[in-house]
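Residue numbers (the numbering used here): 27 to 181. Positions of the beta carbon are idealized from the N, C-alpha and C atoms, including for glycine. Note that the coordinates shown come from a computational prediction; the quantities given were computed from them, not determined experimentally.
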């Protein structure tokens, strides 16, 4: 009889653990969708355990990016990214591959994309990415303001 109660208790604990895991992933999905994402193309070097190769970002958010390149990455692979924005030194970011084999280049079908989630990024670099996304989206929605700013700078 006591052995039966142990199995029932273990089963209940397993069910609760699975429910908590589902809740965690649901919250992560909701958080991911709330991040602003902008189509920013920065050169990037992708370092894996096996290889190092170049690509570019297709879009970027403060928590991840879509990368475009010709090599193959594996799901859940950990990579080190060296992103090179044009206005500052390179960003060194450790990321996890969360989606693979995404079409990313209409002109070159050999180039495939991978979505990555940033797991190690300095607060300073995350702020830079976040401000870059915000600025890019701001310029996209208000192009006349950018021209006005440029005119003020010329005067």
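*Is the segment 79-86 in contact with the segment 61-71, if contact means three or more CB pairs nearer than 8 Å?*
Enough Cβ pairs lie closer than 8 Å, so yes.
*Use the C-beta contact count for residue 177: other C-beta atoms within 10 angstroms, 16 or more gives buried, fewer gives exposed.*
One-based indexing of the chain shown puts residue 177 at position 151. Because residue 177 sits at a pLDDT of 45, beneath the cut-off of 50, its placement in the model cannot be relied upon, and the following sentence gives the value as read from the coordinates. With fewer than 16 other Cβ atoms within 10 Å, it is exposed.
*With DSSP as the reference, label residue 152 as helix, strand or coil.*
Indexing the chain shown from 1 puts residue 152 at position 126. Residue 152: helix per DSSP, three-state reduction.
*asked:* Pull the bridge partners of residue 81 from the DSSP assignment, please.
replied: As a working mapping, residue 81 is identified with position 55 in the chain shown. According to DSSP, residue 81 bridges with 70.
*Close Cβ partners of residue 140 (< 6 Å) along its chain, the five nearest in sequence each way excluded*: Counting from 1 along the chain shown, the entry for residue 140 is found at position 114. Cβ neighbours of residue 140 beyond the five flanking positions: 93, 99, 123 and 126.
*asked:* Looking at the secondary structure, which residues open and close the beta strand (DSSP E) in which residue 94 lies?
replied: Residue numbering aside, residue 94 sits at position 68 when the chain shown is read from its first letter. Residues 90-95.
*How long is the line joining the alpha carbons of residue 149 and residue 34, rounded to whole angstroms?*
If you number the chain shown from 1, residue 149 lands on position 123. If you number the chain shown from 1, residue 34 lands on position 8. Here the C-alpha atom of residue 149 lies approximately 46 Å from the C-alpha atom of residue 34.
*So, residue 163 versus residue 64, is the Cβ gap smaller than 9 Å?*
To locate residue 163, count along the chain shown from 1; it is residue 137. To locate residue 64, count along the chain shown from 1; it is residue 38. Contact flag set, yes.
_Checking the sheet assignment: what are the DSSP bridge partners for residue 109?_
Stepping through the chain shown from its first residue, residue 109 is reached at position 83. Note: residue 109 sits in a beta bridge opposite 70 and 117.
*Closer than 8 Å by C-beta to residue 101: which residues in its own chain qualify, once you throw out the five before and the five after it? Chain order, please.*
Here residue 101 refers to the residue found at position 75 of the chain shown. Counting only Cβ-Cβ distances below 8 Å, and skipping sequence neighbours, we find 123, 124, 125 and 126.
*Can you tell me whether residue 79 is buried or exposed, with buried defined as 16 or more other CB within 10 angstroms of its CB?*
Residue 79 sits at position 53 when you count from the first residue of the chain shown. Residue 79 is classed as exposed because its beta carbon has fewer than 16 other beta carbons within 10 Å across all chains shown.
*Using the Cα positions of residue 152 and residue 31, report the straight-line distance between them to the nearest angstrom.*
What you label residue 152 is simply residue 126 of the chain shown in a count that begins at 1. What you label residue 31 is simply residue 5 of the chain shown in a count that begins at 1. One C-alpha to the other measures close to 50 Å.
*asked:* Using only CA atoms, which one of 159, 119 and 137 lies nearest to residue 146?
replied: Residue mapping note: residue 146 aligns to position 120 of the chain shown, counting from 1. The residue from 159, 119 and 137 with its alpha-carbon nearest to that of residue 146 is 119.
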